[in-house]
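Using the numbering used here, read the sequence shown as starting at -16 and increasing by one per residue.
Below is one structure; the comments refer to it alone.
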Amino acid sequence: NFKYDIIDKYDTLCFYLHRGFTIILIDGEKEAIVLETKGSIKRGISQPENENAIRGAKDAFIEDYQTNIGLIKKRIKTNDLWIDNVTCGKYTKTQIGVVSINSIVKRELVDIVVKRISEIDIDGIINSDNIKNAIEDENKSAFPTILTTERPDIVSTCLLEGKIAIVVDNSPYVLVIPAMLNDFFKTIEDTYGKGINVSFTRIIKYIAFVISLLTPALYIAITTFNQEMIPTDLLVSFATQRDGVPFPAFFEAIIMMISFEILRESDIRVPNPAGSALSIVGALILGDAAVSAGIVSPIMIIVIAITAISSLPFTEFEFSNAIRLHRLLFMIGAAFMGIIGILV
């Protein structure tokens, strides 16, 4: 009871052969028989690693295309769930599925996405980010316009909102198009809570976003150009703490920001037990040593710590990178013109 098919083209034969099918060639015949005898090479479904689920589903996408499609179909059981299949990559022949709910989505957008993916001329697609970089419009904003997620419940919710999901074989992350700025402040758990509580949490995230962007720049501005904006007692305290520091506030902030980013990158790349120990020891020893040596002031340590903590609620990698870039731009503006530079 093997599942089989009859093919008569060489390209189709290669397509099946590279996907683990058995090909039966008969001498003198112009057709071949294809049997599905491939083994399963995939890991089990596990919990999300980078997007914590508090009250949501505990399953996450894996590197198998059919499994990922099944995780979406398990939640959306309708004939309106359409999948446009595209093969991309000269050598990898990666299977890509453009998923949408036909009765909700704008079909013109789906056609545009399928067309852009079909026109990608690349040797291979190894991860979904290759597709993301190829189809995303070039613009002057560093903030992402495509959402990347490993959670099927988030993808299903986005599909019900009329968005488009791109499932890429061999990638445990699914792309969602389009993504607005507000989407990076929402979590799937927001739909499970009471409105007043969710609104309060959302406000906290927006406050954290503003703090992570502007805190170092505001500190540079008020200590360098706009001392009249803070109370005299606080200004005296700042001056006392900065006494003996040989660097201007901007250079001081740059030193600490670079140190923090190095620690952050090390914590991500090094295995978990060693990474956490290195980051904690590095932060404590370097911070204390820098203050004792008079390289940075204690208030700068507080400013960088508040900035770092406020950026933690945002787990999307591209979004975090955009925050870092804009934070640097605000700091440069503050170093040249103070508050006016920040506003510019």
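Even glycine gets a Cβ: it sits at the ideal position worked out from N, Cα and C.
Beta-bridge pairing by DSSP links TYR(-13) to LEU18.
CA-to-CA, the gap between PHE168 and ARG185 works out to about 7 angstroms. Given a length threshold of 4 residues, each whole run of the alpha helix (DSSP H) inside the region 102 to 143 is given here in chain order: 111 to 118, 135 to 143.
Less than 8 angstroms separates the beta-carbon of VAL69 from that of VAL97. If the five residues before and after PRO31 are omitted, its C-beta is found closer than 7 angstroms to the C-beta atoms of ALA43, GLU133, ARG134, all from its own chain and listed in chain order. DSSP places SER242 outside any beta strand (DSSP E); the residue lies instead in the alpha helix (DSSP H), whose first and last residues are 232 to 252. In this structure, the CA atom of SER182 is about 20 angstroms from the CA atom of ALA162.
Contact between the region 232 to 240 and the region 311 to 326 is established, with three or more Cβ pairs separated by less than 8 angstroms. Of ARG225, VAL253, PRO199, the smallest CA-CA separation from ALA288 is found for PRO199. Under DSSP, GLN78 shares a beta bridge with THR70.
Residues of the same chain with a CB within less than 8 angstroms of the CB of PHE4, apart from the 5 flanking positions on each side, are VAL17, LEU18, GLU19, THR20, LYS21 in chain order. Excluding the 5 residues flanking it on each side, GLU14 has same chain C-beta neighbours closer than 8 angstroms at ILE(-11), ILE(-10), ASP(-9), in chain order. Exclusion of the five residues before and after LYS76 leaves PHE(-2), HIS1, THR70 as the residues of its chain whose Cβ lies within less than 8 angstroms of its Cβ. Per the Cβ contact rule, the region 38 to 52 is in contact with the region 144 to 159 (3 or more Cβ pairs under 8 angstroms).
LYS57 and LYS41 have their C-alpha atoms roughly 14 angstroms apart.
Beta-bridge partners of SER83 (DSSP): TRP65. Our two residues, PRO231 and SER249, have alpha carbons roughly 27 angstroms apart in a direct line.
Beta-bridge annotation (DSSP): THR5 is paired with LEU18.
Just measuring C-alpha positions, the residue of GLN224, ILE245, ILE325 sitting nearest ALA276 is GLN224. Apart from the 5 residues on each side of it in sequence, ILE28 sits with its Cβ closer than 8 angstroms to the Cβ of ASP42, ALA43, ILE45, THR50, LEU54 in its chain, given in chain order. In this structure, the beta-carbon distance from GLU34 to THR298 falls below 8 angstroms. Counting along the chain, VAL286 sits inside no beta strand (DSSP E); it lies in the alpha helix (DSSP H) bounded by residues 281 to 293. Sequence-distant Cβ neighbours of ILE213 in its own chain, meaning closer than 7 angstroms and more than five residues away, are ILE205.
In the structure shown, VAL228 adopts coil according to DSSP, grouped into three states. When secondary structure is reduced to three states using DSSP, VAL97 falls in the helix class. In this structure, ILE114 sits away from ILE66, with a CB-CB distance that is not shorter than 8 angstroms. A straight-line Cα-Cα distance of about 35 angstroms links PRO229 and TYR189. Taking the C-beta atoms as reference points, VAL88 is found no nearer than 8 angstroms to GLY11.
Counting only runs of 4 or more residues that sit fully inside the region 145 to 214, the alpha helix (DSSP H) segments are 178 to 207, in chain order. Bounds of the alpha helix (DSSP H) holding ALA318 are 300 to 320.
Sorting SER294, ILE37, ALA305, ILE322 by C-alpha distance to the C-alpha of THR128 places ALA305 at the top.
Taking 8 angstroms as the cut-off, the Cβ atoms of TYR175 and ARG310 do not count as close. The Cβ neighbour count for ILE9, taken over all protein chains shown within 10 Å, is under 16; the residue is labelled exposed. Per the coordinates, the alpha-carbon of GLU119 lies some 25 angstroms from the alpha-carbon of LEU196. Distance from the CA atom of LYS177 to the CA atom of GLN210, rounded to whole angstroms, is 43 angstroms. Between SER83 and ILE147, the gap from beta carbon to beta carbon is short of 8 angstroms.
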